[in-house]
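Undergrad: Under our numbering, the first residue of the sequence shown carries the number 19, and numbering increases by one thereafter.
Beta carbons are placed, not taken as given, at the ideal position from N, Cα and C, and that holds for glycine.
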Amino acid sequence: METLINGLHHVTTLAGDTQRNVDYYTDILGLRLVKKTVNFDAPDVYHLYYGNETGSPGTILTFFPYGNLPRGRKGVGQLTYTAFSAPTASLRFWMDRLHERNIPYAGPYKRFSETYVRFEDFDGMGIELVFTDDDQRPGWENGRIPAEFAVRGFHTVTLNELNPDRTVKLLTEIMQHTLVGEEEGRFRFKAGNGGPGNYVDVLHSPKDVHALQGAGSVHHVAFSTDSDDTQLIIQQQLAESGYHVTPVQDRNYFNSIYFREPGGILFEVATNPPGFTVDEPLAELGTALKLPSQYEPRRAKIEAELPEIIVK
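Structure, rendered in structure tokens:
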């Protein structure tokens, strides 16, 4: 069977203040700002991409910082926690770092035999660090965090569902995921060979309140596919299964299709190519404002309206 879904591609979230967002993810978590562009539908709002050195699929966390946006509320029908992986030996380093930066955290806890801690960013977005030696992706040597302790990329995303059965059917019958574990109402699925960056946890949450979108809320989760051809195949399969899937959207750094899973969470399937070096070299990723071609004639106005960003 042809591989259509490789694992996670990116997670996109709403945020409040732009500079606080940049400070949190580049300084505290030590991710690289790999792309500074704008929301395709609202060019007066940044679209910021953070990831590893190259912005590889499975490492990319992106934000729309809207400024004075009220906080959202975690709950049913939402991706509530995005987990990153870090080396097992880095647990004490990260606990000390969060404490030193006045970031409250819970844990360490155990889940599926792995240790993790849980905390939130300045807007309340749910973050976890899972400590594992199963992730062979390199850490980014960024001058803030030693490479041997650095975040490697995504580990897992958690989907809170009121009635998970149809979501499970989507993941296993169309999106090529396999159930690999169950623990206290949490069902873990892997794409491909599994491992960090390829896990989705479906959490049965019958007593949770319904989520409200706002600052700190995940807007959508994207899954990785190899090419335009594999994307079209899964688009057709989704449509034939009754999902209202969008036409292909050109997002400059990948092509995308979107649809809502049965619990209401927005899913995307994004191509791996062309990647983030399509419009600036690797050494300069994230340093210049990159605009979609349709907004280039308005560059001066857009740049004047966007807040200045300082990467410390």
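#1: State the Cα-Cα distance for the pair Glu118 and Phe111, rounded to the nearest angstrom.
#2: Could you work out which residue in Leu188, Val220, Leu97 and Phe277 is closest to Thr30 when comparing CA atoms only?
#3: Quick one: which unbroken beta strand (DSSP E) runs of 3-plus residues sit fully inside the stretch 241-291? Chain order, please.
#4: Is it buried or exposed, Asp151, if we count other Cβ atoms within 10 angstroms and call 16 or more buried?
#5: Thinking C-beta only, is Ala288 closer than 7 Å to Ser311?
#6: I'd like to know whether the C-beta of Thr295 is nearer than 7 Å to at least one C-beta of chain B.
#7: Within 10 Å of its beta-carbon, does Arg260 have 16 or more other beta-carbons around it, so buried, or fewer, so exposed?
#8: I'd like the span of the beta strand (DSSP E) that includes Ile145, first residue to last.
#9: For Tyr127, count neighbouring Cβ atoms within 10 angstroms of its own Cβ and tell me buried if that reaches 16, exposed if not.
#10: Is Thr185 near Tyr99, with beta carbons less than 7 Å apart?
#11: Is Gly85 buried or exposed, if buried means 16 or more other CB atoms sit within 10 Å of its CB?
#12: What first and last residue would you give for the alpha helix (DSSP H) that runs through Thr36?
#13: Output the boundary residues of the alpha helix (DSSP H) element that contains Arg136.
#14: If you follow the alpha helix (DSSP H) that Val186 is in, where does it begin and where does it stop?
#15: Which residue marks the beginning of the alpha helix (DSSP H) containing His228, and which one marks its end?
#16: To which residues does DSSP link Tyr123 through a beta bridge?
#17: In three-state terms, what does DSSP make of Ser108?
#18: Among the candidates Thr44, Gly73, Asn39 and His28, whose CA atom is the shortest distance from the CA of Glu298?
#19: Got a sec, what are the start and stop residues for the beta strand (DSSP E) Ala322 sits in?
#20: Work out the CA separation of Asn178 and Phe205 for me, nearest whole Å.
#21: What do you get for Gly203, buried or exposed, if any count of 16 or more other CB atoms within 10 angstroms of its CB means buried?
#22: Over the uninterrupted beta strand (DSSP E) stretch that includes Leu79, give me the two end residues.
#23: Thinking C-alpha only, which one of Arg89, Lys330 and Ala240 is nearest Glu138?
#24: So, at 7 Å on beta carbons, what are the nonlocal neighbours of Glu71 in its own chain, with the 5 sequence-adjacent residues on each side left out?
TA: Looking at the atomic coordinates:
#1: 10 Å
#2: Leu97
#3: 273-278 and 284-289
#4: exposed
#5: no
#6: Absent from the structure is chain B; it holds one protein chain and no more.
#7: The identity of residue 260 in the sequence shown is Gly, whereas the question assumes Arg. Under this definition Gly260 is an exposed residue.
#8: Gly144 to Phe149
#9: exposed
#10: no
#11: exposed
#12: Thr36 to Val40
#13: Run containing Arg136: none in the alpha helix (DSSP H); it sits in the beta strand (DSSP E), Glu132 to Glu138.
#14: Asp183 to Lys187
#15: Where His228 is concerned, there is no enclosing alpha helix (DSSP H), given that its DSSP letter is neither H nor E.
#16: Phe137
#17: helix
#18: Gly73
#19: Per DSSP, Ala322 belongs to no beta strand (DSSP E); it is in the alpha helix (DSSP H), Arg317 to Glu323.
#20: 11 Å
#21: exposed
#22: Ile78 to Pro83
#23: Arg89
#24: Arg50 and Trp158
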